[in-house]
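Participant: Got a structure here, written out as structure tokens. Questions coming.
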Amino acid sequence: MRVPALIAAGVALLLALMGSMFVVNAGHSAMIFRLGTVVRSDLGPGLHFKWPLIESQRVFDLRLKILPAEPERYLTADKLDVSVDFFAVGQIKDMRRFFQATGGDESVAAERLAPIIRDSLRNEINSLKLLDVVKGDREAVIGKQLVAINKGAATLGVQIKDIRIKRIDLPQDSNVLASVYNQMKSQRLQVASQLRAEGFELAQAIRATADRDKTVILAEAERDAQRSRGEGDAEATRIYGLAANKDPAFFAFQRSLESYRKSFADGQSVIVLDHDDPFLQYLKSDR
Numbered sequence: 436m437r438v439p440a441l442i443a444a445g446v447a448l449l450l451a452l453m454g455s456m457f458v459v460n461a462g463h464s465a466m467i468f469r470l471g472t473v474v475r476s477d478l479g480p481g482l483h484f485k486w487p488l489i490e491s492q493r494v495f496d497l498r499l500k501i502l503p504a505e506p507e508r509y510l511t512a513d514k515l516d517v518s519v520d521f522f523a524v525g526q527i528k529d530m531r532r533f534f535q536a537t538g539g540d541e542s543v544a545a546e547r548l549a550p551i552i553r554d555s556l557r558n559e560i561n562s563l564k565l566l567d568v569v570k571g572d573r574e575a576v577i578g579k580q581l582v583a584i585n586k587g588a589a590t591l592g593v594q595i596k597d598i599r600i601k602r603i604d605l606p607q608d609s610n611v612l613a614s615v616y617n618q619m620k621s622q623r624l625q626v627a628s629q630l631r632a633e634g635f636e637l638a639q640a641i642r643a644t645a646d647r648d649k650t651v652i653l654a655e656a657e658r659d660a661q662r663s664r665g666e667g668d669a670e671a672t673r674i675y676g677l678a679a680n681k682d683p684a685f686f687a688f689q690r691s692l693e694s695y696r697k698s699f700a701d702g703q704s705v706i707v708l709d710h711d712d713p714f715l716q717y718l719k720s721d722r
């Protein structure tokens with residue numbers, strides 16, 4: 436009889452020991468209840484012990500979680516409808532308060548957080564025009580309301596880390612689409628007109644600069660050409676002078692030949708001169 440009793444006692448001790456140990460995984464935390472009353476909380480990852488039978492544990496996931504929400508329609512500052520689809524990213528921050536507010540049920544927390552987030556987004560979107568909502572910085576829209584949202588979430592022991600807008604739709608059952616497209620078209624046309632005006636002004640400035648540079652370059656070129664021609668004429672005159680001084684008779688003869696060539700260049704010239712005109716002296720003799 437002693438052996439079965441020892442075996443039974445050993446089994447009972449083993450079961451009691453197993454019932455007194457539990458493991459909390461990374462990213463989780465646990466609370467210990469004694470007959471329904473919280474006696475310990477915020478137990479981090481690792482191996483923990485409790486009194487078997489009279490104590491129980493509840494493990495909570497403290498990792499970030501996505502809290503989905505249904506798309507919501509809002510009215511902008513210019514009285515136009517817009518449908519916003521979003522989701523929130525949050526985590527349990529105060530485990531004891533979370534349990535007291537929701538009974539530890541995450542679905543209850545999500546249901547209570549949804550209207551807090553929707554109302555905060557409504558306050559922000561109601562203050563913006565439709566184009567600012569559609570084209571603006573979505574993170575800025577959310578960032579302005581995140582502090583207010585967390586004040587409400589704190590009552591549930593939850594902290595919202597971020598809210599992301601998945602998409603912003605324009606309702607198909609209204610004239611919002613046409614209004615937005617017309618406003619966007621008007622803005623694009625205005626920008627295009629401004630760019631064309633700036634381009635025309637820049638082109639005019641470039642043309643004026645080019646014309647001014649052209650005038651300066653031509654004037655400088657003409658000045659240099661005149662200087663070069665003057666220097667060339669002076670050099671030619673000097674050479675002619677030297678040639679004339681060396682052999683005046685030959686120089687006179689050469690000049691007369693040039694005169695004859697120019698006078699009769701077209702082959703049809705007629706010159707009427709006196710018989711003894713000096714112009715004809717080399718036609719009569721080379722001396």
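According to this note's numbering, the stretch in the sequence shown is residues 436 to 722, in order. C-beta: ideal position from N, C-alpha, C; glycine also.
Rounded to whole angstroms, what is the Cα-Cα separation between L692 and R647?
Facilitator: One-based indexing of the sequence shown puts residue 692 at position 257. One-based indexing of the sequence shown puts residue 647 at position 212. Going by the C-alpha atoms only, they are around 47 Å apart.
Participant: Tell me, to the nearest whole angstrom, how far the beta carbon of A724 is from that of K564; I am working on the premise that it is less than 8 Å.
Facilitator: Any question about residue 724 goes unanswered here, given that the chain covers just 436 to 722.
Participant: What span of residues does the alpha helix (DSSP H) with P550 cover, start to end?
Facilitator: As a position in the sequence shown, residue 550 is number 115, starting the count at 1. Per DSSP, P550 belongs to the alpha helix (DSSP H) from E541 to N561.
Participant: Kindly indicate which residue of T472, H463 and I652 has the alpha-carbon position closest to the one of D529.
Facilitator: Your numbering for residue 529 matches position 94 in the sequence shown. Here the closest residue by C-alpha is H463.
Participant: Does DSSP put A512 in a helix, a strand or coil?
Facilitator: For the purposes of this step, residue 512 is taken as residue 77 along the sequence shown, with counting starting at 1. Looking at A512 - three-state DSSP - the assignment turns out to be coil, as it is neither helix nor strand.
Participant: With DSSP run on the structure shown, which of helix, strand or coil describes M436?
Facilitator: As a working note, residue 436 is residue 1 in the sequence shown. Because the pLDDT of M436 is 48, which lies under 50, any placement of that residue in the model is unreliable, and the question is left without a value.
Participant: At the level of alpha carbons, what is the spacing between L470 and I489?
Facilitator: Taking the first residue of the sequence shown as 1, we reach residue 470 at position 35. Taking the first residue of the sequence shown as 1, we reach residue 489 at position 54. If you take the alpha carbons of L470 and I489, they lie about 6 Å apart.
Participant: Taking Cβ positions, are Q594 and G539 nearer each other than 9 Å?
Facilitator: Looking up residue 594 in the sequence shown gives position 159. Looking up residue 539 in the sequence shown gives position 104. For Q594 and G539, no; Cβs fall outside 9 Å.
Participant: Could you check whether A588 and L556 sit closer than 9 Å to each other, using their CB atoms as the reference points?
Facilitator: Locating residue 556 in the sequence shown gives position 121, counting from the first residue. Locating residue 588 in the sequence shown gives position 153, counting from the first residue. No, they are not a contact pair.
Participant: For N561, which of A544, E507 and G592 has the nearest alpha-carbon?
Facilitator: What you label residue 561 is simply residue 126 of the sequence shown in a count that begins at 1. Looking at the Cα atoms, E507 is the closest of the given residues.
Participant: For the candidate residues A536, V543, I577 and Q535, whose alpha-carbon lies nearest to that of D554?
Facilitator: Position 119 of the sequence shown, counting from 1, holds the residue named residue 554. Comparing Cα-Cα distances from D554 to each of A536, V543, I577 and Q535, the minimum goes to I577.
Participant: With a threshold of 16 other CB atoms inside 10 Å of the CB of I527, please say whether the residue is buried or exposed.
Facilitator: By 1-based counting over the sequence shown, the position of residue 527 is 92. So I527 counts as buried.
Participant: Helix, strand or coil for T590, going by three-state DSSP, please let me know.
Facilitator: Position 155 of the sequence shown, counting from 1, holds the residue named residue 590. Residue state, collapsed to three classes: coil.
Participant: Below 7 Å CB to CB, which residues in the same chain sit around R662 once its five sequence neighbours on both sides are set aside?
Facilitator: As a working mapping, residue 662 is identified with position 227 in the sequence shown. For R662, where only same-chain residues beyond five positions count, there are no Cβ hits under 7 Å.
Participant: Candidates G665, V458, I551 and I600: which alpha carbon is nearest K586's?
Facilitator: On the sequence shown, position 151 is the one that residue 586 refers to. Minimum Cα distance to K586 is reached at I551.
Participant: Mind checking Q622: buried by the 16 CB within 10 Å criterion, or exposed?
Facilitator: Numbered from 1 along the sequence shown, position 187 holds the residue referred to as residue 622. Q622 should be labelled exposed.
Participant: With DSSP run on the structure shown, which of helix, strand or coil describes K500?
Facilitator: Your numbering for residue 500 matches position 65 in the sequence shown. Note: K500 maps to strand in three-state DSSP.
Participant: To the nearest angstrom, how far is it from the Cα of L497 to the Cα of D567?
Facilitator: What you label residue 497 is simply residue 62 of the sequence shown in a count that begins at 1. What you label residue 567 is simply residue 132 of the sequence shown in a count that begins at 1. Each residue's Cα considered, the two are about 36 Å apart.
Participant: What first and last residue would you give for the alpha helix (DSSP H) that runs through V569?
Facilitator: Counting from 1 along the sequence shown, the entry for residue 569 is found at position 134. Note, V569: alpha helix (DSSP H), L565 to K570.
Participant: Does Q484 pass the burial test, meaning 16 or more other C-beta atoms within 10 Å, or should it be called exposed?
Facilitator: Reading the sequence shown from its first residue, position 49 is the one you call residue 484. A quick correction: the sequence has Phe, not Gln, at residue 484. It is exposed - the Cβ of F484 has fewer than 16 other Cβ atoms within 10 Å.
Participant: Just confirm the distance between the C-beta atoms of L581 and I603, as a whole number of angstroms; I'd bet it's less than 8 Å.
Facilitator: By 1-based counting over the sequence shown, the position of residue 581 is 146. By 1-based counting over the sequence shown, the position of residue 603 is 168. Actually they are not in contact, since the Cβ atoms of L581 and I603 sit about 18 Å apart, beyond 8 Å.
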